[in-house]
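Reading the sequence shown from the start, the letters are residues 1 to 433 in my numbering. Data first, discussion second: the structure below is written as C-alpha cells.
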Amino acid sequence: MQLYTVTGGAALGGRLRAPAAKNSVLPLLAATLLCDAPCTLRGVPRLADVDTSLRLLGAVGAAAGWEGEDIATRPAPALCGDIPPELAGAMRSSVFYLAPLLYRCGRVTLPLPGGCKLGPRPVDIHLAGLAAMGARVELAGDTVTLCCRGPLRGADITLRLPSVGATLTLMMAACRAAGTTVLRGAACEPEIGDTADFLNAAGADVRGAGTPVIVVYGKAALGGAVYAPMPDRIAAATYAAAAAAAGGQVTVEGCRPQHLAAFLQLLRAAGCAVEAGPDALTVARDPARPLRGGQEVCTAAYPGFATDTAPLAAAVLLTAQGPSRIYDALFENRFACAAGFAAMGARVGAKGRLLWLGGGGALHGAAVTAPDLRGGAALAVAALAAQGTTCIRDPGYIRRGYAALHADLAALGAACACTEADAAPAGAQNRPN
Ligand code: EPU
Numbered sequence: 001m002q003l004y005t006v007t008g009g010a011a012l013g014g015r016l017r018a019p020a021a022k023n024s025v026l027p028l029l030a031a032t033l034l035c036d037a038p039c040t041l042r043g044v045p046r047l048a049d050v051d052t053s054l055r056l057l058g059a060v061g062a063a064a065g066w067e068g069e070d071i072a073t074r075p076a077p078a079l080c081g082d083i084p085p086e087l088a089g090a091m092r093s094s095v096f097y098l099a100p101l102l103y104r105c106g107r108v109t110l111p112l113p114g115g116c117k118l119g120p121r122p123v124d125i126h127l128a129g130l131a132a133m134g135a136r137v138e139l140a141g142d143t144v145t146l147c148c149r150g151p152l153r154g155a156d157i158t159l160r161l162p163s164v165g166a167t168l169t170l171m172m173a174a175c176r177a178a179g180t181t182v183l184r185g186a187a188c189e190p191e192i193g194d195t196a197d198f199l200n201a202a203g204a205d206v207r208g209a210g211t212p213v214i215v216v217y218g219k220a221a222l223g224g225a226v227y228a229p230m231p232d233r234i235a236a237a238t239y240a241a242a243a244a245a246a247g248g249q250v251t252v253e254g255c256r257p258q259h260l261a262a263f264l265q266l267l268r269a270a271g272c273a274v275e276a277g278p279d280a281l282t283v284a285r286d287p288a289r290p291l292r293g294g295q296e297v298c299t300a301a302y303p304g305f306a307t308d309t310a311p312l313a314a315a316v317l318l319t320a321q322g323p324s325r326i327y328d329a330l331f332e333n334r335f336a337c338a339a340g341f342a343a344m345g346a347r348v349g350a351k352g353r354l355l356w357l358g359g360g361g362a363l364h365g366a367a368v369t370a371p372d373l374r375g376g377a378a379l380a381v382a383a384l385a386a387q388g389t390t391c392i393r394d395p396g397y398i399r400r401g402y403a404a405l406h407a408d409l410a411a412l413g414a415a416c417a418c419t420e421a422d423a424a425p426a427g428a429q430n431r432p433n
C-alpha cells in the first residue's frame with residue numbers, strides 16, 4: 001500500500017522526459033520469446049507491471065533481466081507453457097504470453113485474469129483468432145489451454161472489434177506461423193506499430209501495422225533486436241493534465257504529441273496554450289484564469305480520444321466554468337475515480353459509462369482511494385488544483401503505470417510525496433479532510 005500526499009495550490013513549472021511506453025514494453029517483453037537471438041529493450045521504466053513480466057518470464061524458464069536501465073533477454077533452451085495463476089492474475093498483459101508460449105511449447109495454459117476493475121475484459125477475440133490459425137482452444141473453469149501440433153497456419157482473420165491486445169496477440173502469432181496472415185479490423189494504436197517495428201528489427205515481416213489491415217509473412221527463423229520502445233503517450237498526457245489543472249508551464253520532452261492530439265485539443269478548448277512539436281510539447285495555463293467547461297468528450301479507438309486519458313480530462317475539467325460530460329465507449333467502469341473527486345468537493349456524478357462534471361466549484365484536500373491506475377493518477381492531478389492536502393491510498397495501481405509519479409510531479413514544483421503505509425481501515429476511504 002502506498003500513500004501519496006499532494007498539497008495543491010501551487011503553479012507548476014519545468015521540463016521532464018516521457019518514459020518508454022508501458023503498453024509497448026509489456027507486449028515487447030512477451031515478443032522477445034519469439035526471437036531466436038538475444039534482445040535488448042532500451043530505457044525501460046521500473047513499473048510494477050514490468051517487474052511482474054520479468055517474474056513471469058523467469059517462471060516459464062526464460063532468461064531476462066535488468067542491465068542498468070535496459071532489459072536484456074536471451075533465448076532459453078526449454079520453456080514451460082504453464083503461466084502461474086498469481087502472475088496471470090496480477091496483470092492483464094499476461095495474455096500477451098499466449099502466442100509466444102504456444103509457439104515455443106506447443107501448449108500453453110493461462111488462468112484468465114478475472115473481471116477487471118474497468119469492467120469485463122474478455123479474451124474471445126484473441127482465442128478466436130488463434131483458433132483460426134489452427135490452435136485447439138479448451139476452456140476449463142477460468143483456465144484456458146491452447147495446443148497446436150507444429151506451427152500455427154497463416155489465416156485471413158477479421159477481428160470482431162479493434163482490440164489492441166488481440167491485434168498484438170495475433171500479430172505475434174503470425175510472425176512464426178507457416179504462411180501469410182491477414183488481420184482485418186485491426187486496432188491502430190501506436191503501440192501496435194511499435195511492436196511491429198521491434199519484430200521487424202528482429203527479422204519478421206509485418207506490414208501495415210498502425211492501419212486496420214495488417215499483413216504478416218510468417219518466418220521460420222527470427223534473430224534478435226536492440227530496440228528503444230516508443231515514448232509513453234499516456235504519461236505525457238498526465239504531465240500535460242497536471243499543468244492544465246495546477247496552472248503554470250510544463251514541457252514534456254521526448255514524446256510524440258501527434259499520439260495525443262485528441263487530448264491536446266481538449267486542453268486547448270479548455271483554454272490552455274499548447275505548443276506541440278514533433279518530439280516535445282508545452283502546456284501553459286494562467287492559474288488566475290479559470291478553465292472553460294462545456295466540453296463533450298467520447299472516447300474511441302486511436303486516433304480518437306484515448307480511454308486512458310478520460311479520467312485525466314475529468315480531473316482537468318472539475319474546476320472549469322460550465323458543465324462537461326465524458327462518455328467512455330470502451331470500458332463500463334472507467335470512472336470509479338468519481339467518488340474521490342466528489343470527496344474533494346467536486347460536483348460530479350458517474351452513471352455507467354457516463355461521467356457528468358458540474359464544474360465551477362473549488363476543490364479541497366481529502367482522503368481518497370485510487371480505484372485503478374489511471375483513476376489514481378487523475379486523483380493526483382485533481383489534488384494539484386485543490387486547496388490543502390489530499391492523501392491518496394493506493395493499493396498498488398499507480399506504480400503499475402508510473403515508476404514514480406510523485407517524484408515527477410515534485411520535479412515540476414508540486415508538493416507531492418509517496419510513503420509506504422499499512423492498509424488503512426476501510427472507513428478512511430473518500431472523505432473530505
Ligand atoms: N474486448 C473483447 N474481447 C477481447 C478483447 C477485448 O470484448 O478478446 C473488449 C474489451 O472488453 C474492451 C475493448 O474490447 O471493452 C477494448 O479492449 P482492448 O483489447 O483494446 O484493450 P486491452 O488490450 O485489454 C489496452 C491497454 C489499456 C487500454 C486499452 C484501450 C495494454 C496492456 N493495455 O488494453 O491500457 O485502456 O488497450 O486502448 O496495452 C492502461 O494502460 O491503464 C490500460 C488499461
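Beta carbons: idealized from backbone N, C-alpha and C, even for Gly.
- Ranked by Cα distance from F335, the first of H364, T369, G361, A362 is T369.
- For V95, there is no enclosing beta strand (DSSP E), as DSSP gives it neither H nor E.
- Rounded to the nearest whole angstrom, the C-alpha separation of T299 and H259 is 14 Å.
- The shortest C-alpha to C-alpha distance from S324 to any of E296, A10, P212, T40 is the one to E296.
- Using a Cβ distance threshold of 9 Å, L355 and I326 count as a contacting pair.
- A contact is defined here as three or more CB-CB pairs under 8 Å, and the segment 31 to 38 fails this definition with respect to the segment 206 to 215.
- Secondary structure of Q258 (DSSP, three-state): helix.
- Proximity to M91 across N200, P111, R104 peaks at P111, based on C-alpha coordinates.
- By the criterion of at least three beta-carbon pairs nearer than 8 Å, the segment 93 to 110 is in contact with the segment 143 to 163.
- The residues A262, V297, T299, in chain order, have a CB closer than 6 Å to that of F305 in the same chain once the five nearest residues on each side in sequence are set aside.
- In the three-state DSSP reduction, A404 falls in the coil class, being neither helix nor strand.
- Within a 10 Å sphere around the beta-carbon of P45 sit 16 or more other beta-carbons, which makes this residue buried.
- In this structure, the CA atom of L12 is about 51 Å from the CA atom of A177.
- F305 sits in a strand when the DSSP states are folded into three classes.
- In the DSSP assignment, K22 falls within the alpha helix (DSSP H) that extends over 22 to 31.
- Under DSSP, C39 forms a beta bridge with T73.
- Its chain contains P257, L264 as the residues whose beta carbon lies nearer than 7 Å to that of A276, once the 5 sequence neighbours on both sides are disregarded; these appear in chain order.
- With a cut-off of 8 Å, the C-beta of Y103 is classified as distant from ligand 1, since no heavy atom of the ligand falls inside that distance.
- Beta-bridge analysis with DSSP links P432 to A366.
- Distances from the alpha-carbon of T169 to those of P75, S24, A410, V60 put S24 closest.
- In terms of Cβ geometry, A21 and D197 do not form a close pair [threshold 9 Å].
- Set against 8 Å, the gap from the CB of E275 to the closest heavy atom of ligand 1 is not smaller.
- Look at the segment 317 to 347 and you find these whole runs of alpha helix (DSSP H), each 4 residues long or longer: 338 to 343.
- Residue pairing from DSSP places Q249 in a beta bridge opposite G13, A284.
- Per the coordinates, the alpha-carbon of R136 lies some 12 Å from the alpha-carbon of T109.
- Excluding residues up to 5 positions away in sequence, L98, A99, L102, V137, L146, L152, T169, L170, A173 lie with their Cβ nearer than 8 Å to the Cβ of L130 in the same chain.
- Listed in chain order, the beta strand (DSSP E) runs fully inside the segment 161 to 230 are 180 to 184, 205 to 207, 213 to 217, counting runs of at least 3 residues.
- When rounded, the separation of the alpha-carbon atoms in A386 and K351 is 24 Å.
- The C-beta distance from L87 to G61 rounds to 13 Å, too long to fall under 8 Å, and the pair is not in contact.
- The alpha-carbon of R292 is positioned some 5 Å away from that of A320.
- Around the beta carbon of R431, fewer than 16 other beta carbons sit within 10 angstroms, so the residue counts as exposed.
- Cβ-Cβ separation between G185 and G154: approximately 17 Å, too far for a contact (criterion under 8 Å).
- In the structure shown, L373 adopts helical secondary structure according to DSSP, grouped into three states.
- Separation of the CB atoms of L3 and C391 is rounded to 6 Å, and the pair is thereby assigned contact status at 8 Å.
- In this structure, H126 has its CB closer than 8 Å to one or more heavy atoms of ligand 1.
- C-alpha of T307 to C-alpha of L267: approximately 16 Å in a straight line.
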